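The structure under discussion appears below in the form of C-alpha cells.
Now the structure itself:
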C-alpha cells in the first residue's frame with residue numbers, strides 16, 4: 038500500500054539553495070520569526086502529521102466516503118480525530134496574524150504545509166483549506182466586531198469556513214446568480230437561495246461553519262454588478278460570541294463524485310438565513326476575488342501533490358516489479374526478469390512524473406515569495422505595493438493553476454500506467470490519485486478560464502505583453518551568462534533564450550491578430566497557456582540544474598552528490614523530452630480561428 | 038442523463054462512401070451474404086439493441102457493480118435480461134461460420150456491432166467480447182470433437198468464454214507463469230494454479246464458461262517456450278455434450294476497479310481442474326497470440342467508443358448550458374448568457390473529441406477490411422495469404438491499440454472538461470466514461486508494449502522500415518494528385534507528403550541509431566508510436582475530407598451537405614491543431630537515450 042514520505046530533501050533544496058528563502062524571510066516585515074530553525078520545525082512537524090496521521094486515512098477515506106442523512110454529514114472514520122490533532126497542533130494559524138491567535142508567519146509556510154497535507158490526503162486538506170479563503174475575506178472586509186467574533190476560532194481551526202459562490206445554473210458566470218438577501222431592521226440580512234458544490238459546506242469536524250456567501254439585494258442591478266458579499270454562520274452567535282441557535286442554512290445533499298470522496302461537497306439551502314454584509318453593497322464579486330490569486334495557487338498545489346504522490350507510488354513498484362529482460366541485455370541475470378526500472382519507457386514515465394512534481398514545486402515556491410510580499414504589504418497597509426505584488430502574482434496564477442493541474446493529472450495517470458493492469462484496481466491506491474487529481478482542472482476556474490485570464494486579461498488587455506517581457510527578462514538574465522558554456526547547462530540556456538524570444542513573438546503576433554479578429558484570444562488561449570507553462574517550467578528546471586551544478590562544483594551542499602546529479606539529469610530530460618511539446622502548442626496557438634469557428638454548431642454531429 | 042445514439046450516419050459514410058465496403062464485400066469469398074440490405078439490417082438492428090437495451094444499463098451497472106459471494110458472481114440488475122436478448126437476436130454469431138450456427142458474415146460486421154455495443158455499455162460488451170477470443174482459438178486449435186462440443190453453444194452465446202493468461206507475478210511477461218498441467222491417463226490434464234484479472238471469468242449470464250488457459254507441463258522448458266494451451270470448462274460436459282459436473286475452477290474474488298465496474302474481473306483458482314490441450318505442447322503462447330491482432334483491434338475500438346460517447350454527452354451540454362458572453366460579441370442577446378458552444382475553447386474540446394472519434398473510427402474500419410481478408414484466407418485454407426494479411430494488419434494493430442486508446446482517454450477527459458465541475462459528479466455520466474476509458478491503455482498490452490511491438494518488432498526488426506514505406510506509399514499515392522490544388526485539401530495533401538517523408542526519415546534514423554545503441558528502441562518507442570498515430574490519423578482525415586469534397590462538388594451523397602462540410606472542417610481542425618503534436622513526438626523520439634538512462638536508479642528520489 039502507498040506510503041507517503043514528505044519530500045523534505047527536495048523542499049529544502051528549493052528553500053535553502055535555489056530560492057534563498059532565508060534571505061527572503063529576512064527581507065519581510067513579518068519574516069523575523071521565520072528563522073531557519075522555525076522553518077525546519079514547521080517542515081518537520083507538518084511532515085510528521087502528514088505521514089503519520091493524514092496519509093493513513095487517504096485510502097480508507099476514499100473507500101468510505103462521506104455520509105449524509107437528514108442534513109447531517111459525517112466524515113469518514115478517523116477524520117474527526119485527525120482534525121482534532123490538526124487543531125491541537127495550531128496548524129491552521131501558521132500564517133495568520135498573532136492578534137487572532139495565529140503564529141503570524143509568512144504565507145509561504147502555509148503553502149509548504151498545505152502541499153504536504155494535500156499530498157498525504159487531499160480530501161482532508163480541503164476542510165481546513167476552505168477556511169483560509171474565509172479567514173482572508175473576513176480579515177479584509179469584516180468589521181472589528183465581526184473579526185473578534187469569528188476570527189480567533191477560525192484561526193484556531195475550532196470553526197471552519199466556506200466560500201459559497203456556485204449555483205445550479207452558474208459556476209463561472211456568477212452574474213447569473215439568484216440567491217437573494219433582504220435587509221432586516223437590525224442591520225442583518227435574510228438570505229434565500231440554494232448553493233451547490235460547496236466544499237466543506239457541511240461536516241462534523243468543527244463546532245461551527247462560517248459561510249461566505251454571494252447574494253443579490255432586491256434592488257441590485259442585474260449581472261455581476263449587483264452581487265454583495267455576506268457572512269452566514271451555521272450557528273448564530275450570542276452576544277458573548279458563544280454558539281447560539283441554528284441558522285436557517287441546511288445541507289440538502291452531498292455530491293457523489295469521481296474522487297476526493299472524503300471531502301463533502303454540499304448543496305446548501307438558505308431559507309431566510311441570517312447573514313451580515315461584508316464590504317460595500319454590490320461590490321461582492323470584487324471582494325470575493327480579492328484573494329483569488331492565492332486561492333488559485335492553493336489549487337495549483339494539487340497538481341504537485343498528485344504528481345508527487347503518484348511518483349512515490351510508481352517508483353518503488355518500478356524498482357521491485359520484474360517483467361521481461363531489458364532490450365539492452367540482462368540487468369539482473371540471477372532474477373527471473375529485470376525490474377521495470379531498466380526499461381527506457383518506464384523511465385520516461387517516472388522522469389515525467391518527477392519533472393512535473395519537482396518542476397511544479399519550484400514554480401509554486403517561487404510564486405509563494407511574491408505572495409509573501411503581497412501579504413506583508415497588506416498587513417503593513419501599503420496598498421500600492423500590495424497591488425503591485427498582486428499584479429505580479431497575477432501573471433503566475435493562471436499558468437500555475439492551469440498548467441500544473443493539467444500536468445498533475447498526466448503524472449497521476451502515468452503512475453497508473455507504470456503499474457499496468459494493477460494500476461486500475463483499488464488496492465494499490467494509484468487509481469485514487471488519478472480520480473482525486475481529476476477535479477483540479479475543473480474547480481477554482483477550469484483550465485479554459487485560466488487560459489482566458491492569462492492571455493485575455495493579463496497578457497493582452499492588462500499589459501500588452503509586458504508581463505511576458507518582464508518574465509522573459511528574468512529568464513534571459515539567468516540564461517545569458519550560461520549561453521556559451523559547454524555541457525547541459527549551456528544547452529538549456531540557449532534553449533531558454535530561443536524560447537524567450539519565441540514567447541514574445543507569439544505574444545506580439547496574437548496581440549496584432551486579436552485587434553482584427555475577436556475570436557483570436559479564445560481560440561489561442563489554451564495553447565498559449567500550455568506553451569507558457571512549458572517554457573516557465575523549463576526556466577525553473579534550468580535554475581535547479583544551475584544551482585545543482587554550482588554546488589557539485591563547489592564540493593557539495595546540504596544533499597548528497599547523487600541528489601544534485603539527478604537534478605541536472607532531470608533538467609536534461611525535461612529539455613529533451615517535455616519542452617518540445619511547446620512546439621505543438623505554438624503551432625496550435627497560431628492556427629486560424631476559422632479552424633475552430635467555421636463549422637455551424639448544428640453540423641457538429643448529424644445523425 | 039446521457040443518451041446514446043448510434044452514429045449510423047458516420048458509419049455509413051465510411052462504409053459506403055469512403056471505404057467502399059460494398060465492393061470490398063463483393064471481393065470476399067465469404068462476403069456474398071453481406072449485401073447492402075443485410076449490412077443495413079445488421080447496423081439498424083444492433084443500433085436498436087444498443088440504444089434501447091444496453092445503453093440504459095450503463096450508468097446503473099456502474100453504480101451497482103458486480104456482486105461476489107462464496108464464489109458466485111452476480112451481474113448488475115438487468116444484465117441477465119439484456120444478455121438473453123443479445124443471445125436471442127443471434128448477435129454473438131454474426132461473423133462466425135454457419136457450420137457452428139453463426140451467420141458466416143465477414144469479421145468487420147462484428148467490429149461495427151462491437152463498436153456500437155461498446156459505446157452503449159462497455160462493461161456489458163466485455164462478456165460476449167471475451168467469447169470471441171475463445172471461439173477463434175477453438176476454431177483454430179480444437180479437435181473436431183472439441184469443436185462440436187463447444188462451438189455451437191459459444192457461437193449462440195448460450196455459453197461464454199475467457200482467456201486466462203495473467204497471474205499475480207506476471208502479465209506482460211508470461212514466461213514467468215506457474216500454473217501447472219499434469220497429464221492424466223485418459224488424455225485430459227489436471228490444472229493447478231491461480232489466474233488473475235480474468236475478464237468475464239465468472240458471472241451469471243451464461244450456462245457455462247469455457248476458459249482458454251495457459252499452463253506448464255511438468256517437464257516443460259522454463260520461460261515462454263514451456264507454455265501450453267488448454268481448454269477448461271466451468272462445467273464439464275457429458276458424452277452427449279450436456280452439462281456435467283462442476284469443474285475444479287473457482288472464482289476466488291473479483292477486483293474493485295476504477296471503472297468498467299459492471300464487468301467482472303475474476304481471480305480464478307484451478308485446483309486440479311480438468312482441461313484438454315489445444316494445439317501442440319509448449320506452443321501455447323504462439324497459439325494464444327494467433328488472433329492477437331484482432332483482439333487488440335477489439336480493444337482499440339474502446340478508444341473510439343469512449344471518445345464517441347463522451348462527445349455525445351458533451352455536445353448537447355455545450356449547446357444548452359449558458360455561461361458568459363462570447364468574447365466576439367453577444368450571440369444570443371435575448372438569453373441570460375451565450376451557450377458554451379460559442380466559446381472557441383469549448384469548440385476546441387468538442388472538435389478534438391469529434392476528430393478522435395471519427396478519425397479513430399475510420400482507422401479501425403479500414404483495418405477491419407484487412408482483417409476480413411485475413412479471416413477469409415484462413416477459412417479458405419490459404420495459409421500464405423493469411424499470413425500476409427496478418428502481417429499487414431500487424432502494422433496497424435499497435436498503432437490502433439496504442440494511439441487510439443490514449444486519445445480516447447483524452448477525449449473522455451475533455452468531455453468532463455466541457456461540463457466543468459458538473460463533469461466530476463456522477464449524475465451526468467461523464468466521469469464514468471473517463472473511468473471506463475482508463476483501462477484501455479493498460480490491458481491487452483499497455484501502450485508501452487504496443488510501442489515496443491511497433492517500433493521494435495514490426496518496423497525495425499521485422500521489416501527494416503518497409504512497413505512504414507508501404508503505408509506512406511499509400512499516403513503519397515493519395516496525396517500527390519491533390520498536392521497542387523488550392524483550398525483545404527491541397528494544404529492537407531502537402532502536409533501529408535511532408536509527414537510521409539519525415540516518418541520515413543525518422544524510421545531510418547532510428548534504424549541506424551538502434552544498430553549502435555541498444556537502448557534506442559525502448560527510448561524512442563512511445564514517441565514513435567504517437568507520431569505514427571498522428572500521421573496515420575491525418576491520412577484518414579484527409580481521405581474523409583477528399584470524399585466529402587468530391588460528393589459536395591458532385592451535388593451530394595447519402596448525407597446532407599452540412600455533414601460533408603463538417604467533415605472537411607474537422608479535417609482542417611485536425612491538421613491545424615492536432616497534427617502539430619507530431620512535432621513534439623518527433624523531437625522526443627530523437628532525444629538522446631542518455632536523457633532517460635543516465636540517472637542511477639537509486640538517485641531518482643533521495644529523501
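Protein chains in written order, with my numbering: chain V, 38 to 644; chain Y, 38 to 644. For glycine and all other residues, C-beta sits at the position ideal for the given N, C-alpha and C. None of these values were measured; they are calculated from a predicted model.
State yes or no: is the beta carbon of residue 549 of chain Y nearer than 8 Å to at least one beta carbon in chain V?
Along the second chain, one-based indexing puts residue 549 of chain Y at 512. Answer no: the Cβ-Cβ gap between residue 549 of chain Y and chain V never drops below 8 Å.
Do we get a CB-CB distance below 8 Å when we pair residue 53 of chain V with the residues of chain Y?
The sequence position of residue 53 of chain V within the first chain is 16, counting from 1. No, residue 53 of chain V lies away from the interface with chain Y (no Cβ there is under 8 Å from its Cβ).
Rank Y:123, Y:190 and Y:460 by C-alpha distance to the C-alpha of residue 158 of chain Y and give the top, closest one.
Against the second chain, residue 158 of chain Y aligns to sequence position 121. Ranking the options by Cα distance to residue 158 of chain Y, first place goes to Y:123.
Would you mind telling me which residues of chain V sit closer than 9 Å to residue 480 of chain Y, beta carbon to beta carbon, in chain order?
Your numbering for residue 480 of chain Y matches position 443 in the second chain. Simply 457, 458 and 461.
List the residues of chain V that residue 603 of chain Y touches, going by C-beta distances under 9 Å, in chain order.
As a working mapping, residue 603 of chain Y is identified with position 566 in the second chain. Ordered by position in chain V, the residues that pass the 9 Å Cβ test against residue 603 of chain Y are 636, 637, 640, 641, 642 and 643.
Could you please give me the residues that DSSP links to residue 112 of chain V through a beta bridge?
The residue labelled residue 112 of chain V in the question sits at position 75 within the first chain. DSSP output for residue 112 of chain V lists no bridge partner at all.
Helix, strand or coil: which one does DSSP assign to residue 546 of chain Y?
The residue given as residue 546 of chain Y occupies position 509 in the second chain. Correct three-state label for residue 546 of chain Y: helix.
Can you tell me the Cβ-Cβ gap for residue 436 of chain Y and residue 491 of chain Y, rounded? I've got them flagged as a contact below 8 Å.
In the second chain, the residue the question calls residue 436 of chain Y occupies position 399. In the second chain, the residue the question calls residue 491 of chain Y occupies position 454. About 6 Å separates the two Cβ atoms, so the contact holds.
Three or more C-beta pairs below 8 Å linking the region 441-457 of chain Y and the region 346-359 of chain Y
The region 441-457 of chain Y makes contact with the region 346-359 of chain Y; the number of CB pairs closer than 8 Å reaches 3 or more.
Taking only beta-carbon positions, decide if residue 620 of chain V is within less than 8 Å of chain Y.
To locate residue 620 of chain V, count along the first chain from 1; it is residue 583. By this cut-off, residue 620 of chain V is an interface position.
Is residue 197 of chain V helix, strand or coil by DSSP?
What you label residue 197 of chain V is simply residue 160 of the first chain in a count that begins at 1. Here residue 197 of chain V carries a strand assignment [DSSP, helix/strand/coil].
Contacts around residue 554 of chain V, its chain only, beta-carbon distance under 6 Å, and the 5 residues preceding and following it disregarded:
On the first chain, residue 554 of chain V is found 517 positions in, with the first residue counted as 1. Within the same chain, residue 554 of chain V has close Cβ partners 630.
Minimum Cβ-Cβ distance from residue 165 of chain Y to chain V less than 8 Å:
Position 128 of the second chain, counted from the start, is the residue given in the question as residue 165 of chain Y. Chain V, which has no Cβ nearer than 8 Å to the Cβ of residue 165 of chain Y, makes this no.
Am I right that residue 413 of chain V and residue 188 of chain V are in contact with their C-beta atoms under 8 Å? What's the rounded C-beta distance?
Within the first chain, numbered from 1, the residue matching residue 413 of chain V stands at position 376. Within the first chain, numbered from 1, the residue matching residue 188 of chain V stands at position 151. Rounded, the Cβ-Cβ distance is 19 Å, inconsistent with contact.
Does the region 576-584 of chain Y come within contact of the region 585-595 of chain V, defined as at least 3 CB pairs closer than 8 Å?
Segment contact: the region 576-584 of chain Y against the region 585-595 of chain V, fewer than three CB-CB distances shorter than 8 Å; contact not assigned.
Got a sec: which bits of the region 369-398 of chain V sit with their beta carbon under 9 Å from any beta carbon on chain Y, in order along the chain?
Legend: CB atoms of the region 369-398 of chain V lying less than 9 Å from CB atoms of chain Y belong to residues 373, 374, 376, 378, 379, 380, 381, 382, 383, 384, 385, 386, 387, 388 and 391.
Three Cβ pairs or more, each shorter than 8 Å: is that satisfied between the region 234-251 of chain V and the region 310-329 of chain V?
Contact between the region 234-251 of chain V and the region 310-329 of chain V is present, because at least three Cβ pairs lie under 8 Å.
Using a Cβ-Cβ cut-off of less than 7 Å, give me the residues of the region 278-304 of chain Y that come near chain V, in sequence order.
Considering only beta carbons, the part of the region 278-304 of chain Y lying closer than 7 Å to chain V consists of 292, 293, 294 and 295, in chain order.
Under three-state DSSP, which class holds residue 511 of chain V?
The residue labelled residue 511 of chain V in the question sits at position 474 within the first chain. Taken through DSSP and simplified to helix, strand or coil, residue 511 of chain V comes out as helix.
Start and end residues, beta strand (DSSP E) containing residue 297 of chain V:
Along the first chain, read from residue 1 onward, the residue named residue 297 of chain V stands at position 260. Bounds of any beta strand (DSSP E) do not take in residue 297 of chain V, whose DSSP letter is neither H nor E.
Please list the terminal residues of the continuous alpha helix (DSSP H) segment that includes residue 443 of chain V.
Residue 443 of chain V sits at position 406 when you count from the first residue of the first chain. Where residue 443 of chain V is concerned, the enclosing alpha helix (DSSP H) stretches over 442-455.
Please state whether DSSP places residue 268 of chain Y in a helix, a strand or coil.
Here residue 268 of chain Y is taken as the residue at index 231 of the second chain, counted from 1. Looking at residue 268 of chain Y - three-state DSSP - the assignment turns out to be strand.
For residue 309 of chain V, three-class secondary structure by DSSP:
As a working note, residue 309 of chain V is residue 272 in the first chain. Here residue 309 of chain V sits in strand by DSSP.
Could you tell me whether the region 94-110 of chain V touches the region 146-153 of chain V, using the rule of 3 or more Cβ pairs below 8 Å?
Not touching, per the Cβ criterion.
For residue 667 of chain Y, which of Y:260, Y:40, Y:77 and Y:488 has the nearest alpha-carbon?
The requested residue 667 of chain Y is not part of the displayed model; chain Y covers only 38 to 644.
Where residue 596 of chain Y meets chain V, residues with beta-carbon distance less than 8 Å
Taking the first residue of the second chain as position 1, residue 596 of chain Y is located at position 559. Correct list: 643.
In the DSSP assignment, find the beta strand (DSSP E) that holds residue 229 of chain V and state where it starts and stops.
Within the first chain, numbered from 1, the residue matching residue 229 of chain V stands at position 192. Start and end: 226-236.
Could you give the DSSP three-state label for residue 362 of chain V: helix, strand or coil?
On the first chain, residue 362 of chain V is found 325 positions in, with the first residue counted as 1. Three-state result, residue 362 of chain V: coil.
Are at least three pairs of beta-carbons, each pair with one atom in the region 38-46 of chain V and one in the region 83-92 of chain V, less than 8 Å apart?
Per the Cβ contact rule, the region 38-46 of chain V is in contact with the region 83-92 of chain V (3 or more Cβ pairs under 8 Å).
I need the boundaries of the alpha helix (DSSP H) containing residue 76 of chain V, first residue and last residue.
For this step, residue 76 of chain V is matched to residue 39 along the first chain. Looking at the DSSP string, the run of the alpha helix (DSSP H) that includes residue 76 of chain V is 73-85.
Would a check of beta-carbon distances place residue 171 of chain Y closer than 8 Å to chain V?
Mapped onto the second chain, residue 171 of chain Y falls at position 134. Under the Cβ criterion of 8 Å, residue 171 of chain Y is not counted among the residues facing chain V.
Taking only beta-carbon positions, decide if residue 44 of chain V is within less than 8 Å of chain Y.
To locate residue 44 of chain V, count along the first chain from 1; it is residue 7. Any Cβ of chain Y closer than 8 Å to the Cβ of residue 44 of chain V would place that residue at the interface, and such an atom is present.
Buried or exposed: residue 95 of chain V, going by 16 or more other Cβ atoms within 10 Å of its Cβ?
Translated into the one-based positions of the first chain, residue 95 of chain V becomes position 58. Residue environment analysis places residue 95 of chain V among the buried positions, since at least 16 neighbouring C-beta atoms fall within 10 angstroms of its C-beta.
Using only alpha-carbon positions, find the residue among Y:59, Y:57 and Y:439 that is nearest to residue 341 of chain Y.
Start at 1 with the first residue of the second chain, and residue 341 of chain Y comes out as number 304. Among Y:59, Y:57 and Y:439, the Cα nearest to that of residue 341 of chain Y is on Y:439.
Taking Cβ-Cβ distances below 8 Å as the criterion, which residues of the region 532-558 of chain Y are in contact with chain V?
So the close ones are 555, 556 and 558.
Chain-ordered neighbours of residue 208 of chain V on chain Y, where CB pairs are closer than 9 Å
Sequence index remark: in the first chain, residue 208 of chain V carries index 171 (1-based). Neighbours of residue 208 of chain V on chain Y, chain order: 360, 457, 458 and 459.
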